[in-house]
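In the UniProt record's numbering, the protein residues as written are 1 to 461.
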């Protein structure tokens, strides 16, 4: 049977964010954080909590592109309903100290997780030895996991990845145990492109491991090691590097909040950094699934004027209107390039976003932008897929083609959280299907068959 835990936990919202983003959900009834009002929630998120649950001894595990710019955070007392754990501020010469008694997980035990074995074969639910966090890591009791096309690409063999592997990367849950702690300097790196984290690609996407080159997952009976797609979050428990934590208000539920870590975060990175959407911009989004529909909401939040949704399913296009689309195009019926130009008076849009990962939609995206416009690519494609573009138009008309693989965790996640907290980003409408843990295989079958509008979530609670 699974191990027993103490009655109080830290609630967390976790996502992939390409360098293993963790977010800490605040339970305002049991978790008291001083100076929330003093600093403002977004500053508290970025400056304080992100720095607090860090490993106490230097370790190569914490080697992704995270930068903790501010060391002026106030102290936090988590003693209310949390076994007296305290998170204190520190300066450049201090190390964070958190009592191990604050987290309780019994030794031994096992848990269940969803495993991909080989392309186009059903995923299975397997029993694992209880994973253990190493230095700089935390053990999460998973509550919900988003159903993402990135995992589906792996399941279908479209993107190479070590197998067998545990899938799932867009999760919420509770922190129930932490590894050793380390000095803050261990995880400080240059300010910049978190979404280009070299270690993430070198270790996880190439080898299916965490940053020490080792998996944390082993089958219960045989002890066989299982690779991890991100943290392997479609499981009852998972281990995640603890270098990026963000408090969210308790008003955001576990299930819907899971999509903040990938679908919404990916959309925010594309619209804020790659596209740099400004008030009055015209935007077309080609492919309005989980990420594409999130792009619509972010574009609306940024003040875009014409927001055009392009897809082949009328149900998705109808839903897109609730996310801010001012016009919709069914590309099975109409030529999207001509229709976009018609809507924009012959110019084309300022920004076109491709969120599907197909050569055809890549071409549609580049041809839909105005002279000097931006074609932003965020959809992952089958390995080896090639997109074509008219080189002369690219050069003469200064068309910008930009790839975007997500946001910048320490900068962007607090903003994404704030959008959801304020209701500007509608989480309730964004999650349209929920599955039980035993239905995880069916969830990916439905995703593959186009039966999921926007985003679905597997509930593990």
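Ideal Cβ placement from N, Cα and C applies to all residues, glycine included.
None of these values were measured; they are calculated from a predicted model.
Less than 8 Å separating the beta-carbons of residue i and residue j?
i           : j           : result
residue 220 : residue 297 : no
residue 270 : residue 376 : yes
residue 305 : residue 340 : no
residue 114 : residue 235 : yes
residue 238 : residue 131 : yes
residue 283 : residue 335 : no
residue 260 : residue 416 : yes
residue 172 : residue 258 : yes
residue 160 : residue 117 : no
residue 310 : residue 285 : yes
residue 140 : residue 175 : yes
residue 407 : residue 268 : yes
residue 457 : residue 440 : no
residue 319 : residue 294 : no
residue 150 : residue 274 : no
residue 301 : residue 424 : yes
residue 329 : residue 308 : yes
residue 157 : residue 133 : no
Taking residue i as part of the alpha helix (DSSP H), name the residues at either end of that continuous run.
i           : result
residue 153 : 149-155
residue 295 : 290-301
residue 322 : 314-322
residue 281 : Premise fails: residue 281 is in no alpha helix (DSSP H) and is neither H nor E.
residue 269 : 263-269
residue 256 : 254-257
residue 418 : 409-422
residue 446 : 440-448
With a 10 Å radius around its C-beta and 16 neighbouring C-beta atoms as the bar for buried, classify residue i as buried or exposed.
i           : result
residue 122 : exposed
residue 204 : buried
residue 241 : buried
residue 354 : buried
residue 428 : exposed
residue 124 : exposed
residue 391 : exposed
residue 384 : exposed
residue 102 : Per-residue confidence for residue 102 stands at a pLDDT of 37, beneath the threshold of 50, marking its modelled position as unreliable; the derived number appears in the next sentence. Buried is the call here.
residue 364 : buried
residue 256 : buried
residue 290 : buried
residue 374 : buried
residue 342 : exposed
residue 386 : exposed
residue 167 : buried
residue 224 : exposed
residue 45  : Low per-residue confidence applies at residue 45: pLDDT is 27, beneath 50, and the placement is therefore not dependable enough to give any value.
Can you give the beta carbon distance from residue i to residue j, rounded, assuming they're within the 8 Å contact cut?
i           : j           : result
residue 299 : residue 324 : 6 Å
residue 431 : residue 455 : 5 Å
residue 213 : residue 229 : Wrong, their Cβ atoms sit about 16 Å apart, outside the cutoff.
residue 148 : residue 263 : 7 Å
residue 180 : residue 138 : No, residue 180 and residue 138 are not in contact; Cβ-Cβ is about 11 Å, not under 8 Å.
residue 169 : residue 380 : Incorrect: roughly 13 Å between the Cβ atoms, too far for contact.
residue 378 : residue 266 : 6 Å
residue 370 : residue 347 : 4 Å
residue 287 : residue 356 : 3 Å
residue 254 : residue 143 : 4 Å
residue 443 : residue 252 : About 22 Å separates the two Cβ atoms, so there is no contact after all.
residue 217 : residue 232 : 6 Å
residue 333 : residue 366 : Rounded, the Cβ-Cβ distance is 22 Å, inconsistent with contact.
Along the chain, where does the beta strand (DSSP E) containing residue i start, and where does it finish?
i           : result
residue 229 : Unbroken run through residue 229: none, as it is neither H nor E.
residue 131 : Run containing residue 131: none; DSSP gives neither H nor E here.
residue 241 : 237-241
residue 459 : 455-459
residue 110 : 110-116
residue 121 : No beta strand (DSSP E) holds residue 121; DSSP gives it neither H nor E.
residue 430 : It is not in any beta strand (DSSP E) - residue 430 instead sits in the alpha helix (DSSP H) that spans 427-430.
residue 311 : 307-311
residue 173 : 171-178
residue 275 : No beta strand (DSSP E) contains residue 275, which DSSP labels as neither H nor E.
residue 304 : First-last for residue 304: undefined, no H or E at that position.
residue 329 : 327-330
May I ask you to check if the CB of residue i is nearer than 7 Å to at least one heavy atom of the ligand NAD?
i           : result
residue 138 : In the structure shown, the ligand NAD is absent, as is every other ligand, since no ligand is present at all.
Give the list of continuous beta strand (DSSP E) stretches no shorter than 3 residues that lie fully inside the region 337-407. 349-354, 369-377, 400-403
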